[in-house]
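A quick write-up on the structure given underneath.
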Amino acid sequence: MTDFKVSHRYATSLLEDSVEKNKLEVITSNMILLSDTLKGNTKLQLALESPVIKPEIKSSILKEIFKDVFDEDTFKFIDFVIEKKRENLLHTIASRFLELKDEHLGEAQVSVKTVYEFSKEQKKELTENLEKTLNKKVRLTFTIDEDLIGGFVAKVGDTLFDASLQHQLDLLKNQLLYGSISKN
Numbered sequence: 156m157t158d159f160k161v162s163h164r165y166a167t168s169l170l171e172d173s174v175e176k177n178k179l180e181v182i183t184s185n186m187i188l189l190s191d192t193l194k195g196n197t198k199l200q201l202a203l204e205s206p207v208i209k210p211e212i213k214s215s216i217l218k219e220i221f222k223d224v225f226d227e228d229t230f231k232f233i234d235f236v237i238e239k240k241r242e243n244l245l246h247t248i249a250s251r252f253l254e255l256k257d258e259h260l261g262e263a264q265v266s267v268k269t270v271y272e273f274s275k276e277q278k279k280e281l282t283e284n285l286e287k288t289l290n291k292k293v294r295l296t297f298t299i300d301e302d303l304i305g306g307f308v309a310k311v312g313d314t315l316f317d318a319s320l321q322h323q324l325d326l327l328k329n330q331l332l333y334g335s336i337s338k339n
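Number 237 in the working numbering belongs to position 82 of the sequence shown; there are no gaps in the numbering.
What follows is the structure, encoded as structure tokens:
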């Protein structure tokens, strides 16, 4: 079974359990913190992936790091993952959990690249348009990318909305070179 499928199964199980126990908000907060911590700390990730470090040591490391933050259910889940020797997938499981949680709630995380900082009005208009298009509540995360020249690129999961000037110039170039516009 692929790592994605395994991660999906664990994340689905955690989501179902957190909904059943009415702890979705708490578990979500914990998974965000776990994902961010593992993403930002390669030494911790390497320690968790190491076959030399015993599972109980890995568990105690995570308990020490998150002792004042995580609830008992989160620690039980992490211990279960470690017991099954899937600790190398903790970051992927946490990320997948957050995606599944968004699906469950009818929400979407949207990454938006722009050349400059959008005004409040532009952010509001983009949010409304994306919510209408996706039929979901959206949360936008903005980053600056000066290579776009103008416009924006919005990414939702595997879907890309490219309204950048660079993309428009590429389409025009294709039309001039090949006599037709591709449907990219």
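Beta carbons are placed, not taken as given, at the ideal position from N, Cα and C, and that holds for glycine.
- With respect to the alpha helix (DSSP H) encompassing Phe375, which residues constitute its N-terminal and C-terminal limits? As displayed, the chain neither begins before 156 nor continues past 339, which places residue 375 out of reach and without an answer.
- Within 7 Å, strictly: CB atoms of Thr282 and Phe307: Residue 282 sits at position 127 when you count from the first residue of the sequence shown. Residue 307 sits at position 152 when you count from the first residue of the sequence shown. Inclusion of Thr282 and Phe307 in the CB contact set at 7 Å is not warranted, their separation being larger than that value.
- Message: Going by beta-carbon coordinates alone, are Glu242 and Leu203 separated by less than 7 Å?
- Response: Taking the first residue of the sequence shown as position 1, residue 242 is located at position 87. Taking the first residue of the sequence shown as position 1, residue 203 is located at position 48. By the CB criterion at 7 Å, Glu242 and Leu203 fall inside the cutoff.
- Task: Could you check what DSSP says for Thr314 in three-state terms: helix, strand or coil?
- Result: As a first step, residue 314 is located in the sequence shown; it is residue number 159 there, counting from the start. DSSP places Thr314 in strand when its eight states are reduced to three.
- Cβ-based neighbour list, Gln321, same chain, cut-off 6 Å, excluding 5 preceding and 5 following: Along the sequence shown, one-based indexing puts residue 321 at 166. Leu303, Ile304.
- Message: Let me check understanding here. Comparing Cα to Cα, which of Gln200, Phe232, Thr197, Val207 lies closest to Glu171?
- Response: Position 16 of the sequence shown, counted from the start, is the residue given in the question as residue 171. Nearest option by C-alpha distance: Phe232.
- Message: Considering only DSSP beta bridges, list what Thr298 is partnered with.
- Response: Walking along the sequence shown from the start, residue 298 turns up at place 143. Residue pairing by DSSP places Thr298 opposite Lys268 in a beta bridge.
- Beta carbon of Phe252 nearer than 7 Å to that of Met156: By 1-based counting over the sequence shown, the position of residue 252 is 97. By 1-based counting over the sequence shown, the position of residue 156 is 1. Taking 7 Å as the cut-off, the beta carbon of Phe252 is found no closer than this to the beta carbon of Met156.
- Gly334 by DSSP, collapsed to three states: which one? Your numbering for residue 334 matches position 179 in the sequence shown. Coil.
- Task: Please say whether Glu262 and Lys222 have beta carbons closer to each other than 7 Å?
- Result: In the sequence shown, counting from the first residue as 1, residue 222 sits at position 67. In the sequence shown, counting from the first residue as 1, residue 262 sits at position 107. No, the pair does not count as a contact, with Cβ atoms beyond the cut-off.
- Query: Can you tell me the Cα-Cα spacing of Leu332 and Ser319, whole angstroms?
  - Reply: Position 177 of the sequence shown holds residue 332. Position 164 of the sequence shown holds residue 319. About 20 Å.
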